[in-house]
Structures are given as C-alpha cells and as structure tokens.
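Participant: Sharing a structure, written as structure tokens. Questions coming.
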Amino acid sequence: MIKNITRAMRLPFITASVFPFIFGSLIAKGSLDPLTFLLGLIAASSSHLSANLINDYADSKTGADWKDKTFFGFFGGSKLIQEGELSERFYLKLSLFFAALASASVIALAFILKSVLIIFLFVFIIILSWQYSQPPLRLCYRRLGEIFIFMLFGPAAVMGGYFIQTGVFPHRPSLLLSLPFGFFITNILFANEVPDYPQDKEAGKFTWVSITGPEKAYILYIIIMAASFTSIGINIYLGYISPLAALSFPLIIPVIKAVSILKKSYNDKNRLVMSSKLTIAVHNIASIICIAAILLG
C-alpha cells in the first residue's frame, strides 16, 4: 500500500518544488529561520503533492489516462486507478489532505510573520493548482498549463522562499533567479507531453505539443532549454549568483541526447522514457549546482 501511495503522489517529482523553494530561502543569506523555512517547505511540497493527485483524478475523469493503461513512470499518470489498485475517491481525499496540510502550514506562517499577504498568495496558488486540470479552467487542456507550471515552480517557489525569510515581495533579483527553475521544470512537463500527445488529443487535452506536433516538439524543447541556461548566464553576469553556477553548462551534453531521442523517436514511448529521465536529471543537477553556488558564492 505504501508503495502505491508513493507512486500515486509521484514522490520522485517533489524536487520540482523543493529545490526552488530551498534556493529562494537561501538567497537571503544569514537570515534563514529554521521554523519558517520548515513550515514553508511543508506548504510548498504539500501543495505540489495535492496538485499531482488531483491531476490524476481529473485525467481519469476525462478519460485521458484511460487511453493507454501502461505505466511508464514519467508520463501518462500513475495508472493506479486504471489498474484498479486505488480509486478516484482515494486520490481526491488524499489531495484534499495535502491541501489542508499546506493550508495549516501557511496559517502558521501568517501568524509567525504577522502577514496576511502570504495567505492571499497561497489561496491564489492552490486554486490555480487545482484549476490546472479541474473545471472550469482546466488550464492544461487549453495550452495554458505550461505557463502556470513555469510560474508555480519558478517565480512562486523561489520568490515565496525569499519572502518567507525576508518579508520582501516582490523582489527583482529573486524573480530573475527563479527563471532557470521555471524553464527547467517547464521542459520536464513538455518532454512528458510528447509521448502523451495521441491520448491527450483524443481526450480533448491540448498542450504545447499540439502547437508543434510531436515530430517538431524537439525544436521547442531546444528553445526552452536554451532559455534555462541563458537565464543562468544572465544572473551570473548581473552578479545575482556566483560564477560557480556555470558548472551547470556541461549539462548540455545530456540535453543533446534528449533532443536526439525527441527528434528521432517521438512516437516511441519506451524510448521517450529516456528523454524524460535525462530532462529530469538536468533539472535536478542544475538545481543542486545553483543551490551550491548560493551557499558557496
């Protein structure tokens, strides 16, 4: 049961919210408060898990995850509903639990920080997190999901971490520093959308792959990845992050491999598992390098 719950939550993807939040918290050097940091981390990760669960619930309801019941691990959902292991109701209840946990953490933060702004920001984020796949907005069905994911796991996570530690919002340097995280996670989503394209199209779910077509998706993948590394370079140039962050640039090597797979095997889900793995690895390693650059720079 624990293994199924871990799979349902898509726990390995939690780095998408944890790394940018940690990074944002560390930007405010010398002022890291352990309690508010922990509460913020719980809020960020719980919101993320809630969104993951409600997304599988919604994609089951619309039929998107029923078109191909094979579990690939990186795209197409957790498939536990389709395998009969867990129910849609279980996903909904667990999603609500994590939303409640995130809410409790944010209320505690608001009390400690004596700020209601964090509550308003959280309510806005959690509503949009659910509207990513739930009606009436269903952002990911209208080619808007990628923009929301960029904002949520880039600016919202990094600037949120910084705000909790400093009380400053908005903050231009933290906004610019959030861009690499936003671009990297958007490309993870985009890479995962390529193998899902036929089933998504049949279910009326239109992602950015519906703009390029799966055969040309590698071009947009290159553009987004180029934006990721360029934004790191800009932040180094502006002095917002140590030149140590440039150690992420050799990650272009696995990126090239991922591009090759997306270009040549866009209709082979088994091969596309590797492009997803490589994209996630690039995000995780680049994130760790950027965090180290803040700590050591």
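Going by numbering that gives the first Met the number 0, 272 is the number at position 273 of the sequence shown; the sequence numbering is gapless.
C-beta: ideal position from N, C-alpha, C; glycine also.
The model shown is predicted, which means the values in this text are computed figures rather than measured ones.
(1) Could you tell me the distance, in whole angstroms, from the CA atom of M0 to the CA atom of K78?
(2) Classify F205 as helix, strand or coil using the three-state DSSP reduction.
(3) Contact defined as beta carbons within less than 8 Å: I believe S286 pairs with F18. What is the distance between those atoms, to the nearest angstrom?
(4) Can you name the start and end residues of the alpha helix (DSSP H) that E84 belongs to?
(5) With burial defined as no fewer than 16 other Cβ atoms inside 10 Å of the residue's Cβ, what is the status of A50: buried or exposed?
(6) CB S297 to CB S128, shorter than 8 Å?
(7) Using the DSSP secondary-structure output, state which residues sit across from R141 in a beta bridge.
(8) How is the alpha helix (DSSP H) around I162 delimited, first residue to last?
(9) Using 10 angstroms around the beta-carbon of T185, count the other beta-carbons present and answer buried if the total reaches 16, otherwise exposed.
(10) Under the rule that 16 or more other beta-carbon atoms within 10 Å means buried, what is G23, buried or exposed?
(11) Whose CA, out of G62, L294, G160, lies closest to the CA of F121?
(12) Counting C-beta neighbours from all protein chains within 10 Å, is the total for V208 16 or more, i.e. buried, or is it exposed?
(13) Going by other Cβ atoms of all chains shown within 10 Å of its Cβ, with 16 needed for buried, is A7 buried or exposed?
(14) For the alpha helix (DSSP H) containing Y236, list its first residue and its last residue.
(15) Is the beta carbon of F123 sitting closer than 8 Å to the one on V157?
(16) Taking the alpha helix (DSSP H) that N54 falls in, what are its first and last residues?
(17) Distance, Cα to Cα, A216 vs A107?
(18) Taking 8 Å as the limit between beta carbons, can you name the residues of its chain near I218, skipping five residues before and five after?
(19) Ignore the nearest five residues each way along the sequence and tell me which others in D195's own chain have a CB closer than 7 Å to its CB.
(20) From K28 to L294, what distance separates their C-alpha atoms?
(21) Taking one C-beta from the stretch 83-98 and one from the stretch 56-63 each time, how about it: are there three or more such pairs within less than 8 Å?
(22) How would you write the range of the alpha helix (DSSP H) that W65 sits in, first residue to last?
(23) By a C-beta neighbour count over all protein chains shown, 10 Å radius and 16 as the cutoff for buried, is Y236 buried or exposed?
(24) Please go through the same chain and pick out, in chain order, the residues whose beta-carbon is closer than 8 Å to the beta-carbon of I13, but skip the five residues on each side of it.
Facilitator: With the given structure in hand:
(1) 15 Å
(2) strand
(3) 4 Å
(4) Per DSSP, E84 belongs to no alpha helix (DSSP H) and is neither H nor E.
(5) buried
(6) Here the chain covers residues 0 to 296 and nothing more, so residue 297 does not appear.
(7) F205
(8) Reading off the sequence, residue 162 comes out as Phe, not Ile. It spans 156-165 - the alpha helix (DSSP H) in which F162 sits, taken as one unbroken run.
(9) buried
(10) buried
(11) G160
(12) buried
(13) buried
(14) 216-237
(15) no
(16) 33-61
(17) 43 Å
(18) T211
(19) F74, G75
(20) 8 Å
(21) yes
(22) Per DSSP, W65 belongs to no alpha helix (DSSP H) and is neither H nor E.
(23) exposed
(24) S44, H47, L48
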